[in-house]
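Engineer: Residue numbers (the numbering used here), protein chains in the order written: chain A, 439 to 859; chain B, 439 to 859; chain C, 439 to 859; chain D, 439 to 859.
Could you have a look at this structure, given as structure tokens, before my questions?
Number of protein chains: 4
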Amino acid sequence: MTVPSHIIEMLKKLRARYEAEPIQEQMLPSDAEFTTLRPVRKASEASVEKYWSRLSETASADDRAALADPLTMEAPDRYNANIENFIGTVKVPVGIIGPLRINGLNAHRDFHVPMATTEAALVASYARGAYAATKAGGISTALLYEGVIRTPAFVFDTLLDAGLFVEWVVREIDALKVAAESTTGHGQLVSVEPVIDNNIVFLICRYTTGDAAGQNMVTIATNALCEDIVARCPVAMKTWYIEGNFSGDKKASFLGLVTGRGRKVSASVVLPADVVQSTLGTSVQAMLDYGQVANLGSHLSGQLGAQAHFANGLAAFYIATGQDAACVAESAIGITRMEPRGDDLFCSVTMPNILVGSVGGGTGLPSQSAGLNILGLKGAGKGAALAEVAAAVCLCGEISIVAAIAAGHFTRAHENLARQR
Amino acid sequence: MTVPSHIIEMLKKLRARYEAEPIQEQMLPSDAEFTTLRPVRKASEASVEKYWSRLSETASADDRAALADPLTMEAPDRYNANIENFIGTVKVPVGIIGPLRINGLNAHRDFHVPMATTEAALVASYARGAYAATKAGGISTALLYEGVIRTPAFVFDTLLDAGLFVEWVVREIDALKVAAESTTGHGQLVSVEPVIDNNIVFLICRYTTGDAAGQNMVTIATNALCEDIVARCPVAMKTWYIEGNFSGDKKASFLGLVTGRGRKVSASVVLPADVVQSTLGTSVQAMLDYGQVANLGSHLSGQLGAQAHFANGLAAFYIATGQDAACVAESAIGITRMEPRGDDLFCSVTMPNILVGSVGGGTGLPSQSAGLNILGLKGAGKGAALAEVAAAVCLCGEISIVAAIAAGHFTRAHENLARQR
Amino acid sequence: MTVPSHIIEMLKKLRARYEAEPIQEQMLPSDAEFTTLRPVRKASEASVEKYWSRLSETASADDRAALADPLTMEAPDRYNANIENFIGTVKVPVGIIGPLRINGLNAHRDFHVPMATTEAALVASYARGAYAATKAGGISTALLYEGVIRTPAFVFDTLLDAGLFVEWVVREIDALKVAAESTTGHGQLVSVEPVIDNNIVFLICRYTTGDAAGQNMVTIATNALCEDIVARCPVAMKTWYIEGNFSGDKKASFLGLVTGRGRKVSASVVLPADVVQSTLGTSVQAMLDYGQVANLGSHLSGQLGAQAHFANGLAAFYIATGQDAACVAESAIGITRMEPRGDDLFCSVTMPNILVGSVGGGTGLPSQSAGLNILGLKGAGKGAALAEVAAAVCLCGEISIVAAIAAGHFTRAHENLARQR
Amino acid sequence: MTVPSHIIEMLKKLRARYEAEPIQEQMLPSDAEFTTLRPVRKASEASVEKYWSRLSETASADDRAALADPLTMEAPDRYNANIENFIGTVKVPVGIIGPLRINGLNAHRDFHVPMATTEAALVASYARGAYAATKAGGISTALLYEGVIRTPAFVFDTLLDAGLFVEWVVREIDALKVAAESTTGHGQLVSVEPVIDNNIVFLICRYTTGDAAGQNMVTIATNALCEDIVARCPVAMKTWYIEGNFSGDKKASFLGLVTGRGRKVSASVVLPADVVQSTLGTSVQAMLDYGQVANLGSHLSGQLGAQAHFANGLAAFYIATGQDAACVAESAIGITRMEPRGDDLFCSVTMPNILVGSVGGGTGLPSQSAGLNILGLKGAGKGAALAEVAAAVCLCGEISIVAAIAAGHFTRAHENLARQR
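Shown next, in the form of structure tokens:
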């Protein structure tokens, strides 16, 4: 049997389905009538009502009550800057961990951290890691670098024109910087690096973005930069695009791993042997042994960097604090290290792509704002600390999961918490 | 100046900070006293109250009201199977798009799709894509493959022992399958593939998981498989781990791209030239031209596959329907293609790692359940259709963003929707 | 200065060049006359003479003598099956290392290994590693897997047709296997795995190839398989290609890392602490410490797997034994591990993509044949052993370079051997 | 059958082998006596003789004659700067292609290009591509960037120390540049970029290397830089390494793809429709259609960039001109593009990691020197042109193979040339 059994298994399933229904027609386009939803930018009680009347075929009154609850409907316009076609809010449960002691360059005290998730065992696991880290004296953190990227692309007829374009851009860089920064009070264009692929030029534009995550800020600034180029550059251009799908926006990329995107933070702690034993129920050596296997697994499966589950901590933290949850895709890469320090265990994470803001995005919504307030990190001047807390939280998660797998507790935790309640 | 300016810029910032405070001490561990939060698995009004009293230093009564609102506090135990240390719920706004016509193997009708996000313009953009696709007759979809992976690792003394172990596993595979499947009524072990790195063996265990996303299911089944191995295998084993960090769980990996993890779905539509013009405000040729540049960008920046922003659609869809938002990290990879078909535009997405369930996880919570009900896809027998809808939604997003960038609308959309309200 | 200095530096150089010459014209196409070389498949003294007369404008009589030397010109037709447009031979110096003791599944004795390179210090370094490994009792090796891949691609109108095609292929797999294997006495089709991207299907066809490297063998067999498909498959096909650029032929790929291509071999040795000290001039701990940093470097720079310089050993071994040197691109990936074993050092390499043959390709040429004879591995029944030797040689190189860098000898070795002679 | 058939097939083979021999003992270390070869740095007739007497057990007099032929033995010391333990030379057949017209920034005329390979059909295929390109008016090329990297690593106790170290390095950068450049008359340190992973700092040191490939040059220069750091830096350092396995030396890496290593060259040509038809036997549309599938294959199999077989051209070119063949591993990545230009076909390659020199390495050896002389590119001032020729040659190969696969000729070419002579 030369074809793998799982393929054959799958085909059997499909075939059963084919036979039940006339598959050919089912997958063809259909020109049946339809009435599209009218777009609504400014939500009101009436607009929400109208949408729900359209949804009544599938959704019940209870469903409507669950999303368009009284608190949400008190002021649906509160969400106008964050969503279109508003029909209510989904309630994601929030758990709290802490105190998590952080001895950071920007974050420097004990924090209670809200985490929003529907996955059992997650909060408990991060809480355990936080407890171990705090018992060990807390986590050292440093924001190492900032640089949100936009990468517009410019298309020319020839390689020569592409080269002449780069020369012009470099010569005009100061004026272009002024154009870009004219659109923002907080962002600064800190680097422009051209990448040429024959007749196409990408400009890697890196910005600091103050306390905001800054994805819109850099788009608008880069647009101004591009329009200034287009207005003044003498080299004939075929076309240009605000983004050449090069920046790694909303996706894992080696560019992000190598050069960073957003905020790059490193966080570490040395766990004394007795803390490992008493709080994590395993030994330093067992964690190191597993670390070697986990590192091998990361290589052989083609991951970007090596880590266990940054995504769990990031998603829960991003949702609870009004960050862009889609950025988990790009943020959840980096390096976790565990090494012996005498009898103790050095643990670190270095995360090159954290995208968080203490202002902007979803941070102003009531419950998200509450999440930031629990941290004490809402508003101006708190962006860097917020990024350091995000990394520290991820370190807690790495410590806890590595300990659990090393000790053989991992499955049991999930059985207990998710299944058997 | 041999050091890049953005590095120097960053150092200046750091130095300013150093000078203001005695940095050395700030980053040292501290043994100040602390009282950790008492873990709570079964939430009650009292437990929530207790936590909030601890949080009162940073959080206000308004913050508490925003998270622990009356509706949430009606029955805090509702969340017991999904979270620990519960303090309330974060409200993520939900917008609706549709109808989205899907002509799929498993999903086959017009859908209204709830999307939860705090990022302005996202819902509007996906709605536009859905409108174009539906006008074109709808999106063809097919679930091509299922296979959630767990990859336990086994450590031996020598390469020879590793080889003998693999031989034993292959010989005993039927019994091991029975052991694994004894833990679940829905999961099936469809493939076991050994990967040897000298003295370490990973077993890639692939499962179908019925209508659940299945991450816990496969962990528990694999644990049973491992325990059966450990009980009976005569080859001396140094140690084993339930997961060798090989499966790609919660992270982007080339293993996932190449072989799939979770559900693999392909979705496509041919957009007639006039639909492109009238609904997307651009031309087929403009979208194709941009597609070539975007593909180049994906290669040069080292992405896994080539796509624009799967993560946006996935995160909004996962949160609105009670899926695991952390899985966005692994799901947001794959391929978007745009090609000419005569004068028209063929568009497809193929997504190898969709992790969704119509049962289990967060799907039973009230507002998440409402999200599934809007789709008409809650409960048994709906998992495959749910995965097809997820892919179709992502295709809508790809169509819309490519059109927006090709037409030069992208920045304007974000300016209008996020900033100028 | 927002543009990196190295970019500016580079532009200055280019500008200097622009100014010297009228750059625009220089890069335009030119329609000046030219006479192309007449292709020659069967070399003769006359054909070689004719080519050299054409080359006399740039090349001297000495140059001709160096390539078209008397030994080469004795029988230029000897090279007919290996090259076209023959003008002579380039002489690559060969050094010898050994004895290298191998305790392998297929290779099992002490070997002297020829290595062809022009890079000083390379042979000395591998010789040192071989000495250490042999002193430690020799290297254990095992060929773990064979599977040279061809991946034809088939293009359909729709996703549905692609699915129907896969179903047909799976049903007809036995007949297709017969078709493929009818072309070869040595190759066997061991697996066919379909990968669907909407309307395009790749078939990953894996073969064992006997004692040959087998790249041509699998091309021809797969062509027969495809022609059988085309002749008999009822699903309407738009077009097909013998290779969809999916197989990883002649290039590094994660597919190769994850699933193997060619022969997968693992090799290991435990170096006693005193051998490390006496033969490598460093300590086990120093090598382990460097190993951790080297592993980090491999992650952060986005390598495929983690290793130091497989390519050096492979290129030298491939050239000396008549293998395809271009395959270094795909073979030079994999994993090197160094771990403590008590006071001693466990070292291993696992290389998933070794492409070697003891027959075919360049193995029959006089000096390449001599290389294989030195190893005692020419001809039928020796392919597996040859692959094991290749991996063992690479392990020697890894041991030596890690020791050199750990001890701080690396630079000195290159200074001495390359520069100061 | 849950285990893939190719695994079972493989195990059967292994088992057959186990049964034949007592496998356990065979793979154990052995302490049998052995006499290692005495290392020889300066070859002489006597040293070569001595080695061959040791090899006589496996190798015949004919083998010896094939490697240690009279021409080689005329002056074995000629190879002293390039190899140790010299026993002769392997003769790699060289074919010639051309004229290849290049309209480059640095290379600007018609070239005849020597290619050394043992793979049939390779030279013929590149010759065909060269003919098509030259008929089209020639290939435009530009050296876009130079920057050979060394990346020393420095290990500290804490993240804070790592930060202080970076600050010191940046402050001292001018002095460090002087230290580095004091070791070389040709190399220039053009950029130093620190990358921090918690307590470990990598310094990405980029150099221009004049006309040499420069790998040794940058090692020696970086060593001087490091020693200056160690001598003067006040931050306590645990250890340092000349190379942190970060530079991508001798291996494919995303760092190299994203930022370049060695010389980055782009080359392009527009092939008129009639040239495609008459010289390549296919159509522009057929090549474009295949290009889309090949691009998809490159994504799905996890390649670095997208190209067909750079490695073939590079290996043949590197060997024929005395370059380091091991560098094929890092050089064989990049981007091939094929796009419509009206009715014609735009083709380009952009190769970020070409490592060639017109001086140094193996370029001074007689037959390698002859290869460079055929090109007219030996010696000072020719390095940049040599890199442009390398890229142009690869473009010829891409054109020819894409045409062959698009036209269905690929298999036939290999059947004819390799098998049926």
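Even for Gly, the Cβ is constructed at its ideal location relative to N, Cα and C.
Kindly examine the ligand PLP and report whether one of its heavy atoms sits closer than 8 Å to the Cβ of Ser685 of chain C.
Structural biologist: Ligands displayed in this structure: none; no statement on the ligand PLP is therefore possible.
Engineer: Excluding sequence positions up to five away, which residues of its chain have a Cβ less than 7 Å from the Cβ of Cys671 of chain B?
Structural biologist: Excluding positions up to five away in sequence, the list reads Phe603, Trp606.
Engineer: Spell out whether any CB of chain D is found under 9 Å from the CB atom of Asp469 of chain B.
Structural biologist: Output row for Asp469 of chain B: interface = no.
Engineer: Between the beta-carbon of Leu641 of chain D and the beta-carbon of Pro590 of chain D, is there less than 9 Å?
Structural biologist: Against a cut-off of 9 Å, the Cβ pair of Pro590 of chain D and Leu641 of chain D comes out as a contact.
Engineer: Take the Cβ of Glu495 of chain C as the centre, count every other Cβ of all protein chains shown within 10 Å, and call the residue buried at 16 or more, exposed below.
Structural biologist: Classification for Glu495 of chain C: exposed.
Engineer: Taking beta-carbon pairs under 8 Å, can you tell me which members of the segment 740 to 772 of chain A lie near chain C?
Structural biologist: Of all residues in the segment 740 to 772 of chain A, Gly740, Leu742, Gly743, Ala744 have a Cβ within less than 8 Å of some Cβ in chain C.
Engineer: Let's test the definition: count the other Cβ atoms within 10 Å of the Cβ of Asp781 of chain A and tell me whether it reaches 16, buried, or not, exposed.
Structural biologist: Per the 10 Å Cβ criterion, exposed.
Engineer: What does the alpha-carbon distance come out to for the pair Ser838 of chain A and Gly567 of chain A?
Structural biologist: Going by the C-alpha atoms only, they are around 5 Å apart.
Engineer: So, helix, strand or coil for Val610 of chain C, using DSSP?
Structural biologist: Before going on, a small fix: residue 610 of chain C reads as Glu here, not Val. Coil, per DSSP.
Engineer: Thr510 of chain D lies in the beta strand (DSSP E); which residues open and close that run?
Structural biologist: No beta strand (DSSP E) holds Thr510 of chain D; the alpha helix (DSSP H) holding it covers 508 to 512.
Engineer: With H, G and I counted as helix, E and B as strand and the rest as coil, what does DSSP make of Val708 of chain A?
Structural biologist: In the structure shown, Val708 of chain A sits in a strand (DSSP, three-state: E or B).
Engineer: Report the rounded CA-to-CA distance for Met655 of chain D versus Ser739 of chain C, giving the unit in angstroms.
Structural biologist: In a straight line, the C-alpha of Met655 of chain D is about 22 Å away from that of Ser739 of chain C.
Engineer: Span of the beta strand (DSSP E) holding Phe592 of chain B?
Structural biologist: Taken as a continuous stretch (DSSP letters only), the beta strand (DSSP E) holding Phe592 of chain B covers 591 to 593.
Engineer: Report the rounded CA-to-CA distance for Phe549 of chain B versus Ile540 of chain B, giving the unit in angstroms.
Structural biologist: Their backbone Cα atoms lie some 7 Å apart in a straight line.
Engineer: Please list, in chain order, the chain C residues whose beta carbon lies closer than 9 Å to that of Asn733 of chain B.
Structural biologist: Those do not exist, as Asn733 of chain B stays about 14 Å from chain C at its closest Cβ, beyond 9 Å.
Engineer: Is any beta-carbon of chain A found at less than 9 Å from that of Val441 of chain D?
Structural biologist: Val441 of chain D counts as touching chain A.
Engineer: What's the gap between the Cα of Ala754 of chain D and the Cα of Val630 of chain B?
Structural biologist: If I take the Cα positions, the gap works out to 41 Å.
Engineer: Tell me, which residues are paired with Ser629 of chain A by DSSP?
Structural biologist: Its beta-bridge partners are A:Arg644.
Engineer: Quick check on the DSSP output: what are the complete alpha helix (DSSP H) runs of length 4 or more inside the segment 663 to 695 of chain A, in order along the chain?
Structural biologist: Taking only runs of at least 4 residues, no alpha helix (DSSP H) segment lies wholly in the segment 663 to 695 of chain A.
Engineer: Return the chain-ordered ranges of every alpha helix (DSSP H) run that is complete within the segment 706 to 780 of chain A and spans a minimum of 4 residues.
Structural biologist: The qualifying runs are 711 to 718, 722 to 738, 748 to 758, 766 to 769.
Engineer: Would you verify that the beta carbon of Asn791 of chain A is, or is not, closer than 9 Å to some beta carbon of chain B?
Structural biologist: Output row for Asn791 of chain A: interface = no.
Engineer: State the Cα-Cα distance for the pair Val486 of chain B and Gly799 of chain A, rounded to the nearest angstrom.
Structural biologist: Distance between the alpha carbons of Val486 of chain B and Gly799 of chain A is about 28 Å.
Engineer: Could you please tell me which residues of the segment 628 to 645 of chain B, in chain order, have their CB closer than 8 Å to any CB of chain D?
Structural biologist: Result list: Val628, Ser629, Val630, Glu631, Pro632.
Engineer: Around the C-beta of Val668 of chain C, are 16 or more other C-beta atoms found within 10 angstroms, so that it is buried, or is it exposed?
Structural biologist: Exposed, by the Cβ-count rule.
Engineer: Between Ala758 of chain B and Ala808 of chain B, what straight-line distance do the alpha-carbon atoms span, to the nearest angstrom?
Structural biologist: Using only the alpha carbons, I get a separation of about 9 Å.
Engineer: Given a cut-off of 9 Å on the beta-carbon distance, is the pair Gly648 of chain D and Gly821 of chain D in contact?
Structural biologist: Going by C-beta atoms, Gly648 of chain D is nearer than 9 Å to Gly821 of chain D.
Engineer: Leaving out five residues on either side along the sequence, give the residues of the same chain with a beta carbon under 6 Å from the beta carbon of Lys644 of chain B.
Structural biologist: As written in the sequence, residue 644 of chain B is Arg, which differs from the Lys given in the question. Only Gly585, Ile587, Val628, Ser629 meet the Cβ criterion.
Engineer: Taking the straight line between their C-alpha atoms, what separation do you get for Ala503 of chain D and Glu557 of chain C?
Structural biologist: Looking at the two C-alpha atoms, the distance is approximately 24 Å.
Engineer: Identify, in the order they occur along the chain, each residue of the same chain with its Cβ nearer than 8 Å to the Cβ of Met448 of chain D, setting aside the five sequence neighbours on each side.
Structural biologist: Answer for Met448 of chain D: no residue qualifies.
Engineer: Determine the extent of the alpha helix (DSSP H) in which Thr572 of chain D is found, giving its start and end residues.
Structural biologist: Segment 560 to 573, the alpha helix (DSSP H) holding Thr572 of chain D.
Engineer: Tell me, please, which residues DSSP counts as bridged to Arg539 of chain A.
Structural biologist: Bridge partners of Arg539 of chain A: A:Asp548.
Engineer: In the DSSP assignment, find the unbroken beta strand (DSSP E) run with Asn791 of chain D in it and report its ends.
Structural biologist: First-last of the beta strand (DSSP E) with Asn791 of chain D: 782 to 792.
Engineer: Is there a Cβ of chain D sitting closer than 9 Å to that of Lys688 of chain C, yes or no?
Structural biologist: Yes, contact with chain D.
Engineer: Can you list, in chain order, the residues of its chain with a C-beta nearer than 7 Å to that of Val797 of chain D? Leave out the 5 residues immediately preceding and following it.
Structural biologist: Closer than 7 Å at Cβ, skipping near neighbours: Asp649, Ala650, Gly817, Ala818.
Engineer: Please look up how many angstroms separate the CB atoms of Ser805 of chain D and Leu824 of chain C, rounded, as I've assumed it's under 8 Å.
Structural biologist: The Cβ separation is near 27 Å, so there is no contact.
Engineer: Going by the beta-carbon positions, is the gap between Gly682 of chain D and Val731 of chain C smaller than 9 Å?
Structural biologist: Result yes, Cβ atoms of Gly682 of chain D and Val731 of chain C sit closer than 9 Å.
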